[in-house]
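This report concerns only the one structure given below.
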Amino acid sequence: MANLPAAPITRQIGSRDRARLSGQEPGELRDAARRLVVDGDGQRIPFGGLFREHRAIVVFVRHFLCYTCKEYVEDLAKIPKNLLQDAKVRLIVIGQSSHHHIKPFCSLTGYPHEIYVDPEREIYKILGMKKGEAATTSVQSPHVKSNLLSGSIRSMWRAMTGPAFDFQGDPAQQGGTLILGPGSKVHFVHLDKNRLDHAPISTVLQLAGVKMISKLRQQLLPASSLRPEPRGVSPLLYGDGGESTNAVSCFYKLCS
16 MANLPAAPIT RQIGSRDRAR LSGQEPGELR DAARRLVVDG DGQRIPFGGL FREHRAIVVF
76 VRHFLCYTCK EYVEDLAKIP KNLLQDAKVR LIVIGQSSHH HIKPFCSLTG YPHEIYVDPE
136 REIYKILGMK KGEAATTSVQ SPHVKSNLLS GSIRSMWRAM TGPAFDFQGD PAQQGGTLIL
196 GPGSKVHFVH LDKNRLDHAP ISTVLQLAGV KMISKLRQQL LPASSLRPEP RGVSPLLYGD
256 GGESTNAVSC FYKLCS
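The letter at position 105 of the sequence shown is residue 120 when you use the working numbering, and the numbering goes up by one with no holes.
As structure tokens, this is what we get:
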């Protein structure tokens, strides 16, 4: 796939939103950029500072007990720092728990890159991250190896044996992936419709201009789950534009 143009601006298209973003900074991003995220030491910094000077891949995860998020971040951990540095791209994960959960999550996943939390989910809400799951949508993440039963059991065990019994974030919250910066540029937006609707990492790296080495390409499965692009349109992912409001009904689902 060819490198991106200088500053393409795209967004996810759904039934409620058929318009492309203009060349101006989206109001949602301007609002989100002023909100604060928290690092593992409890230091607060503006979200916009993460992509002010460089292009950044920003991955919002559901919650730190989510087994699909854990396995997705484990694959993000395989990306060598030097590849990101050569491309002048930052890789950032954002969760929605207390900052006290950041270091244990990094230890668990082996994730060595930047990670922050948005404890009140302010940025999640501003950027339109979904709540609940679109159960009618059939998707499969190329980065999730566990099945629902085994993954949920492991998540439940982590919750029960952790120092504080909590779900490390709202279990109904969905995540997403964005490529932002420098400044107000928006290159790519994908809002997860459910826990398996991850943007394939190899595709995200290519869109961000990060060169893939053969070893990393073998470790990360091909981006076969990316839907075909409509002719003449920059890379977009499609969604139903709706928002599932069904409550998660049992502890088993809370941990998945």
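By construction, the Cβ of each residue, glycine as well, lies at the ideal position given by its N, Cα and C atoms. The structure presented is a predicted model; accordingly, all values stated were derived computationally and were not measured.
Endpoints, alpha helix (DSSP H) assigned at residue i
{"i": "Leu98", "result": "Lys96 to Ala102"}
{"i": "Phe120", "result": "Ile117 to Thr124"}
{"i": "Val88", "result": "Tyr82 to Leu91"}
{"i": "Leu220", "result": "Ile216 to Leu222"}
{"i": "Ile141", "result": "Glu137 to Ile141"}
Residue of the options minimising C-alpha distance to residue i
{"i": "Ser187", "options": "Gln221, Ile60 and Val76", "result": "For the sequence presented, residue 187 should be read as Ala rather than Ser. Looking at the Cα atoms, Val76 is the closest of the given residues."}
{"i": "Glu68", "options": "Asp56, Val53, Val204 and Lys200", "result": "Lys200"}
{"i": "Leu106", "options": "Ser112, Ile117, Pro127 and Pro119", "result": "Pro127"}
{"i": "Lys145", "options": "Met227, Val52, Arg210 and Arg70", "result": "Arg210"}
{"i": "Lys4", "options": "Ile228, Gly143, Gly55 and Leu65", "result": "Because the chain spans 16 through 271 in this model, residue 4 falls outside it and cannot be assessed."}
Between the CA atoms of residue j and residue i - distance to the nearest angstrom
{"i": "Leu231", "j": "His115", "result": "31 Å"}
{"i": "Leu269", "j": "Leu123", "result": "Only weak support exists for where Leu269 lies, its pLDDT of 37 falling under 50; the value from the coordinates is given anyway. Their backbone Cα atoms lie some 20 Å apart in a straight line."}
{"i": "His213", "j": "Arg50", "result": "24 Å"}
{"i": "Pro95", "j": "Gln111", "result": "25 Å"}
{"i": "Ser240", "j": "Ile216", "result": "Residue placement at Ser240 is flagged as unreliable, the pLDDT there being 38, under the threshold of 50; a coordinate-derived value is accordingly withheld."}
{"i": "His205", "j": "Ala47", "result": "16 Å"}
{"i": "Cys81", "j": "Ile141", "result": "22 Å"}
{"i": "Asp255", "j": "Pro197", "result": "Only weak support exists for where Asp255 lies, its pLDDT of 32 falling under 50; the value from the coordinates is given anyway. Distance between the alpha carbons of Asp255 and Pro197: 29 Å."}
{"i": "Val225", "j": "Ser113", "result": "31 Å"}
{"i": "Thr192", "j": "Phe203", "result": "8 Å"}
{"i": "Val52", "j": "Asn97", "result": "25 Å"}
{"i": "Gln100", "j": "Cys121", "result": "20 Å"}
{"i": "Val74", "j": "Ile109", "result": "6 Å"}
Residue i, enclosing beta strand (DSSP E) - first and last residue
{"i": "Arg45", "result": "Where Arg45 is concerned, there is no enclosing beta strand (DSSP E), although the alpha helix (DSSP H) it sits in stretches over Gly42 to Ala48."}
{"i": "Tyr131", "result": "Glu129 to Val132"}
{"i": "Leu65", "result": "Segment: none, Leu65 is in no beta strand (DSSP E) and carries neither H nor E."}
Bridge-paired residues (DSSP) for residue i
{"i": "Arg105", "result": "Ala71"}
{"i": "Val201", "result": "Leu195"}
{"i": "Leu206", "result": "Gly191"}
{"i": "Leu51", "result": "Pro61"}
{"i": "Gly110", "result": "Val132"}
**Message:** For the pair the region 51-60 and the region 82-91, tell me if three or more CB-CB distances fall below 8 Å.
**Reply:** no
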